[in-house]
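Here the structure is laid out as structure tokens; the discussion comes afterwards.
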Amino acid sequence: MQNLDPILQTRGLSVYYDAKKAVTDVDLDVARNRITAIIGPSGCGKSTLLRCFNRMNDLIPSARVEGQVLFDGLDLYGHDVDPTEIRYEIGMVFQRPNPFPKSIYDNVAFGPRINGFQGDIAELVERSLVRAALWDEVKDRLKASALSLSGGQQQRLCIARALAVEPRVILMDEPCSALDPIATLAIEELMRELSEDYSIIIVTHNMQQAARVSHYTAFLMVEEARVGFLVEFGESRQIFTNPKDERTEAYITGRFG
Amino acid sequence: MVRADFDRNLEELEAELLLLGEMVEKAIIKAMDALERRDLTLAYEVVAEDDLIDEKRFELEEKCIDLIATQQPLAVDLRTLLAVLHIAVELERMGDYAEGIGKICMIIGDDEPVETPKQIPQMARMGITMLRRSLKSLMDRDTDLANDVWDSDDEVDALYDGVCHQIFLDMGQNPKTIEASTHFLWVAHDLERIADRATNIAERVIFVVTGRIGRYKQPSQGTD
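What follows is the structure, given as structure tokens:
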């Protein structure tokens, strides 16, 4: 824990939807090239917190953010920061696979193209698909519709699409909740591989998944008086074998509430 | 309360572990009785009944494995199940030492008895007390009591050293008793090991409560 090299840090981070608080005063360090899981019961603000890391909350008119999110020291909510630029650096993969109604190739090429990519785009598409562990399955049908892929393949395509703009951080919001167990394990395997080069934050309801895949885990909770506050953060093996806080213990052993 | 079924399974598991502990305790008491009275029938019973202890241990192990596979326990649940697995093995091995004493009784048979060294019944009493207290510390999740079990082990070790010293002296002075005395050396060894196993149980109790593995001695006050 002492050696955690943070790529992202929140300081006193709170998020409101209108007057309603969804995240309360969170200080969290996200380790570089590691997987950080955010767990907690429904409504604890974990997805809201995740969306702060690439300013996706900006897209919700009623949302308001207080405090700081530092990306290698840069305040993401600073006046001169362009949220679109941020989203190239900090990509996102959503709960349900959401490929564009285009070919497999075009899905991956989409981001670099609108970003004005000048290099060898075919090579970039291949590299991204290889990194997303999908290349072998689709290399002979790159022009086929993305919708012809299975759910698990579609999710890996969305990961390839996120990788194509060469981000440094990947945010994943319940990326396996719509997938079967085999496809889930394939994504988890992929996450471990990707974590050598990327920093990953995953929000998951599935505690076994958090335990299997993540290096660090943050537990968020909701109480009557407070919403979306950080209860405990630590190495996942510590959180899942010997949590320090009894609320974490109650949650992960299924005795919550 | 959610997970009521799982909680009930855990409770039953601990109750069965206690039952195994009682079986082992009875085996030790019986083995010592057999030794004291040179009672071959009793000794034979101890040896035969060890199979029941072995079976109970396997039964407990299977239940633990089932719960781990089906309930994916985490945190204190995981630590408890791993501790039960471990303690079941410790108890079964203690049963083997009782069986060992039973076998020694059968070897001694009704030979002209050599006087039992006085430390031996004392070691047996201490071992039984340590066994009981180690299991009580598990049931009560009492780390202070677990630490007391540890402390008692030093006394048993001292008794063991004393009895060995005594026996070797006797052997030197009276070589006719060498064979019979050797048997008592083994009884003392078995009793010393029983006490060691009780400290292993105490160690697992510390693990259940604190999550720390190994020969960690928790300070008696000021835990986190």
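Heads up: the protein sequence lines correspond to chains Y and E, in order.
Here the first sequence is numbered in numbering that gives the first Met the number 0, starting from 0 and rising by one per residue.
Here the second sequence is numbered in numbering that gives the first Met the number 0, starting from 0 and rising by one per residue.
We treat Cβ as the ideally placed atom computed from N, Cα and C, and that holds for glycine.
Exercise. Compare the beta carbon distance of Y:Asp-172 and Y:Arg-50 with 9 Å and say whether it is the shorter of the two.
Key: yes
Practice problem: Counting only the same chain and skipping the five closest in sequence on each side, list residues whose C-beta sits under 8 Å from that of E:Gln-220. | Solution: Residue confidence is low: E:Gln-220 scores 47 on pLDDT, short of 50, so the model does not pin down where it sits. Its coordinate-derived value is still stated next. Within the same chain, E:Gln-220 has no close Cβ partners at all.
Exercise. Spell out the partners DSSP gives Y:Asp-172 in its beta bridges.
Key: Y:Val-202
Quiz item: Given a limit of 9 Å on CB to CB distance, which residues of the segment 184-211 of chain E reach chain Y?
Solution: Thr-209, Gly-210, Arg-211
Quiz prompt | Reduced DSSP secondary structure (H/G/I, E/B, other) of Y:Phe-228 | solution = strand
Quiz item: So what does Y:Lys-74 bridge to, in DSSP terms?
Solution: The amino acid at residue 74 of chain Y is misidentified as Lys; the sequence shows Asp. In the DSSP output, where bridge partners are listed per residue, Y:Asp-74 has Y:Leu-69.
Practice problem: Put Y:Val-29 into one of helix, strand or coil per three-state DSSP. | Solution: strand
Exercise. Assign Y:Pro-180 to buried or exposed, taking buried as 16 or more other Cβ atoms, counted over all protein chains shown, within 10 Å of its Cβ.
Key: exposed
Self-check item: Three-state secondary structure assigned by DSSP to E:Gln-220
Solution: Because E:Gln-220 carries a pLDDT of 47, less than 50, the predicted location of this residue cannot be relied on, and no value is offered for it.
Quiz item: So with Cβ pairs under 9 Å, would you call E:Val-83 a contact of chain Y?
Solution: no
Quiz item: Skipping 5 residues on each side, what residues in its chain have a beta carbon closer than 6 Å to that of Y:Gln-8?
Solution: Asp-28, Leu-69
Quiz item: Between E:Asp-76 and chain Y, is there a C-beta pair that is closer than 9 Å?
Solution: yes
Self-check item: Residues that DSSP places opposite Y:Glu-234 in a beta bridge
Solution: Y:Tyr-215
Quiz item: In or out: Y:Ser-149 buried (at least 16 other Cβ within 10 Å) or exposed?
Solution: exposed
Practice problem: May I ask which residues mark the beginning and end of the beta strand (DSSP E) holding Y:Ile-59? | Solution: Segment: none, Y:Ile-59 is in no beta strand (DSSP E) and carries neither H nor E.
Quiz prompt | Run of the beta strand (DSSP E) containing Y:Tyr-15, from where it starts to where it stops | solution = 5-16
Quiz item: Whose C-beta lies closer than 7 Å to the C-beta of E:Ile-67 among residues of the same chain, with five residues either side of it excluded?
Solution: Leu-80
Quiz item: What did DSSP end up calling Y:Ile-37 once you bin it into helix, strand or coil?
Solution: strand
Self-check item: Per DSSP, the bridge partner or partners of E:Asp-138
Solution: Residue 138 of chain E is actually Met in this sequence, not Asp. DSSP, once it has assigned bridges, lists no residue as partnering E:Met-138.
Quiz item: How about Y:Gln-227: is its C-beta nearer than 9 Å to some C-beta of chain E?
Solution: The question names Gln, but residue 227 of chain Y in the sequence shown is Gly. Not one chain E Cβ lies under 9 Å of Y:Gly-227.
Self-check item: Check whether Y:Arg-191 and Y:Ile-34 have beta carbons under 9 Å apart
Solution: yes
Quiz item: Quick one: which chain Y residues come within Cβ less than 8 Å of E:Arg-2?
Solution: Thr-252, Gly-253, Arg-254
Quiz item: Can you name, in chain order, every residue of its own chain whose Cβ lies under 7 Å from the Cβ of E:Ala-123, other than the five neighbours on each side?
Solution: Ile-27, Met-31, Leu-190
Quiz item: Would you call E:Thr-222 buried or exposed, if buried means 16 or more other Cβ atoms sit within 10 Å of its Cβ?
Solution: Per-residue confidence for E:Thr-222 stands at a pLDDT of 39, beneath the threshold of 50, marking its modelled position as unreliable; no derived number is given.
Quiz item: Relative to the alpha-carbon of E:Leu-144, which residue among E:Pro-72, E:Gly-213, E:Arg-132 has its alpha-carbon at the smallest distance?
Solution: E:Arg-132
Quiz item: Near Y:Asn-53, what residues of its chain come up, given a Cβ to Cβ distance below 7 Å and the 5 sequence neighbours on each side ignored?
Solution: Ile-85, Arg-86, Ile-89, Met-91, Leu-170
Quiz item: Name the chain Y residues whose beta carbon is nearer than 8 Å to that of E:Gln-71?
Solution: Gln-207
Self-check item: Under 8 Å by beta carbon: chain E residues contacting Y:Glu-248
Solution: Ala-74, Val-75
Quiz item: Nearest chain E C-beta to Y:Thr-35 closer than 9 Å, yes or no?
Solution: no
Practice problem: Buried or exposed for E:Ile-127, please, with buried defined as at least 16 other CB atoms from any protein chain shown within 10 angstroms of its CB. | Solution: buried
Quiz item: What's the call for E:Gln-71, buried or exposed, on a 16-neighbour Cβ count within 10 Å?
Solution: exposed
Quiz item: Of all the CB atoms in chain E, is at least one closer than 9 Å to the CB of Y:Phe-239?
Solution: yes
Quiz prompt | Own chain partners of E:Lys-55 with C-beta closer than 6 Å, once the 5 adjacent residues on each side are dropped | solution = Leu-19
Quiz item: Buried or exposed: where does E:Glu-89 fall if 16 or more other Cβ atoms within 10 Å of its Cβ makes it buried?
Solution: buried
Quiz item: Three-state secondary structure (DSSP) at Y:Ile-89?
Solution: strand
Exercise. Give the secondary structure of Y:Asp-24 by DSSP, where H, G and I count as helix, E and B as strand, and everything else as coil.
Key: strand
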